[in-house]
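J.: 1353 is the number that my numbering gives to position 122 of the sequence shown; each next residue is one higher, with no gaps.
We treat Cβ as the ideally placed atom computed from N, Cα and C, and that holds for glycine.
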Amino acid sequence: MYTPTPLPPLWRDPMAARILPFAVLMLSALVVSTLSTAPGALYPLRTALLGAVVALFWPIYRALDWRLDPVALGAGAAIGAMWCVIPVPAGDAAPPYGTLAGAALVGWYLARGLGTVLLVPLVEELFFRDYLEGKLRLGQGRAWAVAAALVSASAFAALHDRWAEALVAGLVFSWVCRRRGRIGDAVLAHAVANAVVYGVAVTTGNLQII
1232 MYTPTPLPPL WRDPMAARIL PFAVLMLSAL VVSTLSTAPG ALYPLRTALL GAVVALFWPI
1292 YRALDWRLDP VALGAGAAIG AMWCVIPVPA GDAAPPYGTL AGAALVGWYL ARGLGTVLLV
1352 PLVEELFFRD YLEGKLRLGQ GRAWAVAAAL VSASAFAALH DRWAEALVAG LVFSWVCRRR
1412 GRIGDAVLAH AVANAVVYGV AVTTGNLQII
């Protein structure tokens, strides 16, 4: 009699840890943009939801190799600098935080920073560089590796208004990841890049560059 192999609980499933948080990231963006005329103001809610999902899988993430890599730090800083140097007009659009003021505005900035610098790099790198790019490497050799990196970086770029810069960033993060075979290096590079961009955005008041 056939007895199926029991599946691990959801929070111990490495595949779910790479896919589900990204799905939550995308779905939450869709929901707030559909339900609100100022979706940016609801970013703290998205941060809280994504943080809860990341916490669910934290034992899996904690087991990754998180040793600091100077090359990853430098690559992330270079990507962040590139993103900031290419001019983006501030424009006349309403600020992304809408009409928030006082303590609510401070909370918005904190949530925006937490999401941008810590949560989003972790979620996106685990999905694009670890899961998707790994699945796209259908064979051995450099050609398959390059093709997988190009496709995953293109998918990553498609999520960004500044797709050209995002494509370059995706390729660099892929190289950082494959250099030593550590997804933690790509997460670190992405986090540093986003930290640079967020810092410049807050300092200059031009939140359009994020």
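Suppose the cutoff is 7 angstroms on Cβ atoms and the five residues either side in sequence are ignored; what does the same chain contact list for VAL1428 look like?
T.: Translated into positions along the sequence shown, residue 1428 becomes position 197. Here the set comprises GLY1311, TRP1314, CYS1315, ILE1440, ILE1441.
J.: Going along the chain, which residues of its own chain have a beta-carbon closer than 7 angstroms to the beta-carbon of VAL1255, five neighbours each way excluded?
T.: The residue given as residue 1255 occupies position 24 in the sequence shown. Correct list, in chain order: LEU1280, LEU1281, VAL1284.
J.: Measuring only from the beta carbon, is THR1347 closer than 7 angstroms to any heavy atom that is part of the ligand GTP?
T.: Absence of the ligand GTP is noted for the structure shown, with no ligands found whatsoever.
J.: Are there three or more Cβ pairs, one per stretch, closer than 8 angstroms when the segment 1340-1356 is compared with the segment 1262-1282?
T.: Yes: the two stretches touch, three or more of their Cβ pairs being nearer than 8 angstroms.
J.: Cα separation between GLY1372 and PHE1359?
T.: By 1-based counting over the sequence shown, the position of residue 1372 is 141. By 1-based counting over the sequence shown, the position of residue 1359 is 128. Near 20 angstroms, if we compare the C-alpha coordinates of PHE1359 and GLY1372.
J.: Taking the alpha-carbon positions, what's the ASP1443 to PRO1327 distance?
T.: There is simply no residue 1443 to check, as the chain begins at 1232 and stops at 1441 in what is shown.
J.: Cα separation between VAL1319 and ALA1309?
T.: Here the question's residue 1319 lines up with position 88 in the sequence shown. Here the question's residue 1309 lines up with position 78 in the sequence shown. Rounded to the nearest angstrom, the two C-alpha atoms are 18 angstroms apart.
J.: Starting from the N-terminal side, write out each stretch of the alpha helix (DSSP H) that is 4 residues or longer and does not extend beyond the segment 1240-1271.
T.: Qualifying alpha helix (DSSP H) stretches, in chain order: 1245-1266.
J.: Taking ALA1303 and LEU1419 to be in contact with their CB atoms under 8 angstroms, please state how far apart those CB atoms are, rounded to whole angstroms.
T.: The residue labelled residue 1303 in the question sits at position 72 within the sequence shown. The residue labelled residue 1419 in the question sits at position 188 within the sequence shown. Going by Cβ atoms, the distance from ALA1303 to LEU1419 rounds to 4 angstroms, so yes, they are a contact pair.
J.: Can you tell me where the alpha helix (DSSP H) with ALA1379 in it begins and where it stops?
T.: Numbered from 1 along the sequence shown, position 148 holds the residue referred to as residue 1379. Segment 1373-1389, the alpha helix (DSSP H) holding ALA1379.
J.: Please confirm if the segment 1255-1266 is in contact with the segment 1292-1301, defined as three or more CB-CB distances below 8 angstroms between the two stretches.
T.: The segment 1255-1266 is not in contact with the segment 1292-1301.
J.: Using only alpha-carbon positions, find the residue among LEU1251, ILE1317, PRO1240, ALA1335 that is nearest to PRO1275.
T.: Reading the sequence shown from its first residue, position 44 is the one you call residue 1275. The shortest Cα separation from PRO1275 among LEU1251, ILE1317, PRO1240, ALA1335 belongs to ALA1335.
J.: Does DSSP classify ASP1296 as helix, strand or coil?
T.: Counting from 1 along the sequence shown, the entry for residue 1296 is found at position 65. Coil at ASP1296, not helix or strand.
J.: Which class does ARG1393 belong to by DSSP, given the choice of helix, strand or coil?
T.: Position 162 of the sequence shown holds residue 1393. Looking at ARG1393 - three-state DSSP - the assignment turns out to be coil, as it is neither helix nor strand.
J.: Select from PRO1237, THR1236, PRO1239, ILE1291 the residue whose C-alpha is nearest the C-alpha of PRO1252.
T.: Residue mapping note: residue 1252 aligns to position 21 of the sequence shown, counting from 1. Here the closest residue by C-alpha is ILE1291.
J.: Does DSSP classify PHE1358 as helix, strand or coil?
T.: Against the sequence shown, residue 1358 aligns to sequence position 127. In the structure shown, PHE1358 sits in a helix (DSSP, three-state: H, G or I).
J.: Taking the alpha helix (DSSP H) that ASN1425 falls in, what are its first and last residues?
T.: The count along the sequence shown starts at 1 and reaches residue 1425 at position 194. Segment 1414-1435, the alpha helix (DSSP H) holding ASN1425.
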